[in-house]
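Report on the structure given below.
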């Protein structure tokens with residue numbers, strides 16, 4: 017689990033009319049850090065060349081440098097067309113300082129309109145980054161995004177490139193491949209590439225696209241880490257559906273001695289376009305990672321934003337690596353060995369089909385669960401269980417403790433259709449224990465409801481709940497209601513979800529709660545990530561010294577329910593940090609197969625000492641427990657970057 021922190025100085029470089037070669041755009045930065053200086057090469061857009069590229073900006077390569085990471089100066093144009101094979105522009109540099117020389121590989125545009133026959137790879141070479149005096153065309157075939165490894169591998173020079181990036185019937189999909197030579201100059205020989213291309217499959221790294229509709233491209237120059245070669249690359253979803261393309265950033269670890277072998281990979285993008293400078297520009301919704309450097313345990317990623325500006329983001333390298341294998345992802349939270357701790361009981365008709373989604377409250381020395389249960393008629397009611405140590409069931413009642421009472425909870429659809437009281441959350445506030453849940457009649461939109469009880473009666477199992485009050489509007493998909501466990505600025509704060517976003521509302525008191533009439537969003541889905549369809553509250557937020565720890569569920573385009581974590585500000589108005597990888601996802605069979613497959617869904621958690629205990633439903637059928645150190649979770653949400 018990890019977060020990505022964008023530089024507060026973003027965008028780092030923006031177009032400037034003062035320099036005509038970059039008057040329209042500055043993007044796709046490649047960086048080399050040397051002797052305390054960050055050298056940055058970038059694609060620069062000028063106004064269209066009326067004679068050569070009348071319909072689009074003319075591209076060359078710019079250069080700037082910085083000693084502070086976020087303030088680049090001394091801008092200069094260092095690569096511009098001088099050869100026929102680059103007459104129509106130079107794009108997307110990848111720079112390496114290798115054995116005393118500077119090599120900047122780039123995309124050479126040799127014809128217009130641009131197409132597979134005139135888009136190739138070239139290189140500029142020099143003794144200094146701002147003085148590149150030698151040029152060569154590299155590939156005789158369509159290719160982009162070539163970059164030289166910064167050191168030899170088993171005595172050989174290694175070049176990484178994306179071949180056939182532009183669709184043709186003969187080559188409909190891109191190939192990321194490795195080329196090896198004794199010296200760099202061998203890459204200048206067309207005969208070398210004829211031999212290489214003849215056996216291109218032998219040189220390719222495995223295809224890591226998750227669907228044939230996707231595209232991948234070499235992005236940043238690989239960096240050596242102890243585990244191998246870290247390759248941050250561009251992964252594009254729905255590539256062939258231009259209006260719906262999603263540019264994401266992912267990573268691989270390649271074998272140190274044979275970079276064709278993948279040792280680890282990310283399961284999801286860890287960056288997608290979110291900020292305004294990434295979503296709006298010459299090409300909307302683009303984050304394109306073209307440069308990386310490592311400082312201690314921090315990985316800095318330089319990227320092009322919306323094909324308009326240069327930007328930078330940082331993340332913890334150890335945290336990134338911890339998300340790059342199935343084993344480490346599954347082990348981030350510790351599942352209780354006895355899981356599932358609760359299953360349906362056939363003899364109890366009201367919970368004979370499923371038990372799931374338990375609210376949790378720590379009172380009087382025990383953790384009390386109020387959980388959703390279903391029988392053969394698919395009517396949701398609530399059961400009760402008590403866990404003195406928070407981990408093992410000491411008591412489980414044989415009858416439900418909450419059942420449908422309001423007309424919005426009474427079955428109005430088919431006799432075996434879903435209805436009832438669903439997904440409870442418990443909060444103790446103002447000395448009152450408040451149950452928030454979803455009321456559903458099987459026909460109309462579900463609504464959020466609230467009922468209260470004194471904590472003394474609850475612990476004594478005198479379940480004399482107050483009449484339910486509906487707090488979300490009719491005819492609106494609004495559920496996942498929960499309440500913060502203390503007042504904020506004198507107000508009671510309620511979380512709810514108006515599909516697909518998480519919203520908050522504030523009330524003066526429990527007694528004065530009325531139907532929510534506005535949508536105040538605090539977080540929503542992220543296109544192209546594991547939570548790109550909808551998000552919703554898990555249990556009530558938990559107070560920590562830095563603000564509010566808030567566990568939420570997210571649903572992706574694969575229809576899988578996973579859990580993530582956020583840190584909210586003390587006033588509950590701002591998301592300070594949000595995980596870009598889930599903290600829990602369905603792994604064992606009981607989480608993957610059930611009434612609803614591939615679901616982990618939580619409605620409650622407690623903290624005991626440094627341990628966060630999350631109670632969750634698996635596949636909407638059983639209940640399990642997963643634990644995590646609060647300190648560890650907070651170190652992931654607020655890493656030292």
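Numbering (this note's numbering), first residue to last: 17 to 657. Glycine residues also receive a C-beta, built at the ideal position from the N, C-alpha and C atoms.
Express the C-alpha separation of residue j and residue i in angstroms, rounding to a whole number.
i           : j           : result
residue 403 : residue 372 : 16 Å
residue 273 : residue 569 : 40 Å
residue 464 : residue 397 : 15 Å
residue 590 : residue 519 : 11 Å
residue 443 : residue 460 : 27 Å
residue 406 : residue 636 : 21 Å
residue 172 : residue 567 : 48 Å
residue 25  : residue 293 : 12 Å
residue 361 : residue 480 : 25 Å
residue 533 : residue 579 : 28 Å
residue 521 : residue 230 : 40 Å
residue 543 : residue 206 : 42 Å
residue 510 : residue 138 : 58 Å
residue 631 : residue 288 : 30 Å
residue 582 : residue 152 : 49 Å
residue 412 : residue 428 : 30 Å
residue 620 : residue 245 : 41 Å
residue 227 : residue 445 : 48 Å
residue 94  : residue 78  : 6 Å
residue 367 : residue 435 : 14 Å
residue 565 : residue 557 : 6 Å
residue 106 : residue 548 : 35 Å
residue 182 : residue 254 : 15 Å
residue 410 : residue 651 : 33 Å
residue 469 : residue 439 : 17 Å
residue 108 : residue 163 : 11 Å
residue 458 : residue 430 : 8 Å
Under the DSSP definition of a beta bridge, which residues are partnered with residue i?
i           : result
residue 468 : 450
residue 638 : 634
residue 278 : 270
residue 412 : 401
residue 326 : 29 and 320
residue 255 : Residue 255 pairs with nothing; no bridge assigned.
residue 435 : 395
residue 93  : 78
residue 512 : 519
residue 494 : 514
residue 379 : 382
residue 621 : 630
residue 233 : 250
Between which two residues does the beta strand (DSSP E) holding residue i run?
i           : result
residue 522 : 517-523
residue 293 : Unbroken run through residue 293 is the alpha helix (DSSP H), 292-295; no beta strand (DSSP E).
residue 118 : 117-125
residue 42  : 41-50
residue 164 : 159-164
residue 138 : 135-144
residue 564 : 563-571
residue 532 : Taken as a continuous stretch (DSSP letters only), residue 532 belongs to no beta strand (DSSP E), as it is neither H nor E.
residue 422 : It is not in any beta strand (DSSP E) - residue 422 carries neither H nor E in the DSSP assignment.
residue 108 : 106-114
residue 382 : 382-390
Please report the residue range of the alpha helix (DSSP H) in which residue i lies.
i           : result
residue 212 : 206-214
residue 507 : Neither: residue 507 is in no alpha helix (DSSP H) and is coded neither H nor E.
residue 335 : 333-337
residue 344 : 342-347
residue 647 : 646-653
residue 607 : 605-608
Looking at residue j and residue i, is the spacing between their C-beta atoms short of 8 Å?
i           : j           : result
residue 269 : residue 305 : no
residue 220 : residue 248 : no
residue 377 : residue 331 : no
residue 654 : residue 562 : yes
residue 69  : residue 58  : no
When you compare the region 337-344 with the region 310-319, are there three or more beta-carbon pairs, one atom per stretch, that lie closer than 8 Å? Verdict: no, contact absent.
When the Cβ atoms of the region 498-505 are set against those of the region 482-490, are three or more pairs found closer than 8 Å? Under the three-pair Cβ rule at 8 Å, the region 498-505 does not count as touching the region 482-490.
Counting beta carbon pairs with one atom in the region 522-530 and one in the region 221-240, are three or more of them shorter than 8 Å? Contact fails between the region 221-240 and the region 522-530, because fewer than three Cβ pairs, one in each stretch, are under 8 Å apart.
Three CB pairs or more closer than 8 Å across the region 21-41 and the region 311-327: Yes, the region 21-41 touches the region 311-327.
Stretch-stretch touch, CB-based, cutoff 8 Å, three pairs: the region 97-107 with the region 133-140: Taking 8 Å as the limit for Cβ pairs, the verdict is that the region 133-140 does touch the region 97-107.
Given 8 Å as the limit, is there contact between the region 339-348 and the region 33-45, that is, 3 or more CB pairs closer than that? The region 339-348 and the region 33-45 do not touch, with fewer than 3 CB-CB distances between them shorter than 8 Å.
State whether the region 141-150 contacts the region 159-177, with contact taken as three or more CB pairs (one from each stretch) at a distance under 8 Å. In short, these stretches do not touch, since the Cβ pair count stays below three.
Given 8 Å as the limit, is there contact between the region 623-630 and the region 601-608, that is, 3 or more CB pairs closer than that? Judged by Cβ distances under 8 Å, the region 623-630 makes no contact with the region 601-608, as fewer than three pairs qualify.
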